[in-house]
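Counting from 5, one number per residue, gives the positions in the sequence shown under the working numbering.
Note that the Cβ used here is the ideal one computed from N, Cα and C, for glycine as well.
Keep in mind that this is a model prediction, so the values were computed, not measured.
This report refers to the structure that appears directly beneath it.
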Amino acid sequence: MHDPFPRGFASDNAAGVHPAVMAAIQAVNHGHALAYGEDPVTARARAAFDRLFRRPVATHFVFNGTAANNLALMAFAKPHGAVLCSEVAHVLVDESTAPERTLGMRLKPLRTVDGKIDPGALEAALGQGHGVHGALPVALTLTQPTEVGTVYTRAELQVLIDLAKANGLGVHVDGARLGCAVAALEADPAELLAGVDVLSFGGTKQGMLLGEAVVFLNPALGAEFPYWQKCGMQLASKMRFVAAQFEALLAGDLWIANGRHANDMAARLEAAVKDLPGLSVAYPRQANAVFVKLPKAVIAPLQAETFFWPWDEAEGIVRWMCAFDTEPSDIETFAAQAEACLIRS
């Protein structure tokens, strides 16, 4: 029988919902609870984030990642400001004009090495004095893991955070796949993100049905967030069904376990294909993404077998994403398909 939803390597947001998350939704699907987050489930989920970071933080739940990033960055919004970001940042290349529309600020891309912002590029951007004739840098946003699947070490983060703070900038982290980074580094989340002001904590790409969390590690910066959330059309009335998912995701560090599994599957995929003729690995695999360069004639036939997205069509670079539900059999099948397509080419 044809499966209308075959697993593939398009993205971790194409995956299903973790059974524990689905069970959590069902578990709160009875009776009535006050709307807009004034319910005990949302209170418990917020307390779970306090425990995760071992101190009081201010946590709010929104529908999607674009909203999480842009509403988080509202904490630094100034009409004459600029947000410094990597040249491949999701907020820059995959969120349309939401930053400009929401924040009213300029995004300034910085040079990267394997997806990570080069400290020298950040230092240069901070030192480019153009006075009132240019935009004033007010925030630095970092993605962990990066858009090309690499992971900042704690030391690498510290260098960038220190530079930002020394120049009066706030620091935001896009953690849509944070569990993959924490698992890869075997890190303590609170220690890894020390010095960060606000975090976009992923839900959808880490096993949830929908929802992202905006976590103010510096709670004072988020005092007006409820107004931004409402004006941004991101305040869910039946909030308990979003919050219940986060409660399940944080319970027993399921989000980290999901990230570890996705990473392991990506490592397995890389090992299975890296020596195939005509294929080369484009970026170091450090999390749950494998980027490879293929002969262009191979890409469409292989996509017809198992779908994935191109990354750089001009260079023939494609992206293969693994998820919490990727199975070893998926890897074996896809590696065989890739080999067959390469041989036929």
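(message) Between which residues of its own chain and G320 is the CB-CB distance below 6 Å, once the five residues before and five after are set aside?
(response) Position 316 of the sequence shown, counting from 1, holds the residue named residue 320. In chain order, K297, L298, K300 place their CB closer than 6 Å to the CB of G320, counting only its own chain and leaving out the 5 sequence neighbours on each side.
(message) Is the separation between the beta-carbon of N292 and that of D43 shorter than 8 Å?
(response) By 1-based counting over the sequence shown, the position of residue 292 is 288. By 1-based counting over the sequence shown, the position of residue 43 is 39. Cβ atoms of N292 and D43: not closer than 8 Å.
(request) Work out the CA separation of N262 and L221 for me, nearest whole Å. (result) Reading the sequence shown from its first residue, position 217 is the one you call residue 221. Reading the sequence shown from its first residue, position 258 is the one you call residue 262. Computed Cα separation, rounded: 23 Å.
(request) Report yes or no: do three or more beta-carbon pairs, one from the stretch 98–106 and one from the stretch 47–57, lie closer than 8 Å? (result) Short answer: they don't touch.
(message) So the candidates are Q249, I347, V285; which of them puts its Cα closest to the Cα of W324?
(response) Within the sequence shown, residue 324 is the residue found at index 320, counting from 1. If we check each option's Cα against that of W324, V285 comes out closest.
(request) Give a yes or no on contact between the stretch 206–222 and the stretch 58–65, applying the rule of three or more CB pairs nearer than 8 Å. (result) yes
(request) Could you tell me whether the stretch 77–96 touches the stretch 142–150, using the rule of 3 or more Cβ pairs below 8 Å? (result) Under the Cβ criterion (8 Å, minimum of three pairs), the stretch 77–96 counts as touching the stretch 142–150.
(message) Suppose contacts are defined by Cβ-Cβ distances below 8 Å. Is F205 in contact with G179 by that definition?
(response) In the sequence shown, residue 205 corresponds to position 201, counting from 1. In the sequence shown, residue 179 corresponds to position 175, counting from 1. Yes. Within cutoff.
(request) Would you check if the distance between the CB atom of G135 and the CB atom of Y287 is smaller than 8 Å? (result) Within the sequence shown, residue 135 is the residue found at index 131, counting from 1. Within the sequence shown, residue 287 is the residue found at index 283, counting from 1. No; because the gap between Cβ atoms is not below 8 Å, this pair is not in contact.
(request) Using the Cα positions of A271 and P332, report the straight-line distance between them to the nearest angstrom. (result) As a position in the sequence shown, residue 271 is number 267, starting the count at 1. As a position in the sequence shown, residue 332 is number 328, starting the count at 1. Straight-line Cα distance between these residues: approximately 11 Å.
(request) Express the C-alpha separation of G226 and W232 in angstroms, rounding to a whole number. (result) For the purposes of this step, residue 232 is taken as the residue at position 228 of the sequence shown. For the purposes of this step, residue 226 is taken as the residue at position 222 of the sequence shown. Rounded to the nearest angstrom, the two C-alpha atoms are 9 Å apart.
(message) Rounded to whole angstroms, what is the Cα-Cα separation between A125 and A37?
(response) Taking the first residue of the sequence shown as 1, we reach residue 125 at position 121. Taking the first residue of the sequence shown as 1, we reach residue 37 at position 33. Cα to Cα, A125 sits roughly 50 Å from A37.
(request) Work out the CA separation of R115 and I121 for me, nearest whole Å. (result) On the sequence shown, residue 121 is found 117 positions in, with the first residue counted as 1. On the sequence shown, residue 115 is found 111 positions in, with the first residue counted as 1. Straight-line Cα distance between these residues: approximately 6 Å.
(request) In the DSSP assignment, find the alpha helix (DSSP H) that holds A62 and state where it starts and stops. (result) Translated into positions along the sequence shown, residue 62 becomes position 58. Run containing A62: none in the alpha helix (DSSP H); it sits in the beta strand (DSSP E), 62–66.
(request) Establish whether the CB of V92 and some CB of chain B are separated by less than 8 Å. (result) Checking the listed chains, one finds no chain B in this structure; it contains a single protein chain.
(request) State the start and end residues of the unbroken alpha helix (DSSP H) segment that holds E274. (result) As a working note, residue 274 is residue 270 in the sequence shown. Taken as a continuous stretch (DSSP letters only), the alpha helix (DSSP H) holding E274 covers 258–277.
(message) Tell me the rounded alpha-carbon separation between L273 and A339.
(response) Locating residue 273 in the sequence shown gives position 269, counting from the first residue. Locating residue 339 in the sequence shown gives position 335, counting from the first residue. Straight-line Cα distance between these residues: approximately 7 Å.
(request) Measure the beta-carbon distance from I29 to L213 and round it to whole angstroms, keeping in mind my assumption that it falls under 8 Å. (result) Counted from its first residue, the sequence shown places residue 29 at position 25. Counted from its first residue, the sequence shown places residue 213 at position 209. Confirmed, about 7 Å.
(message) According to DSSP, simplified to helix, strand and coil, what is C326?
(response) Counted from its first residue, the sequence shown places residue 326 at position 322. Coil at C326, not helix or strand.
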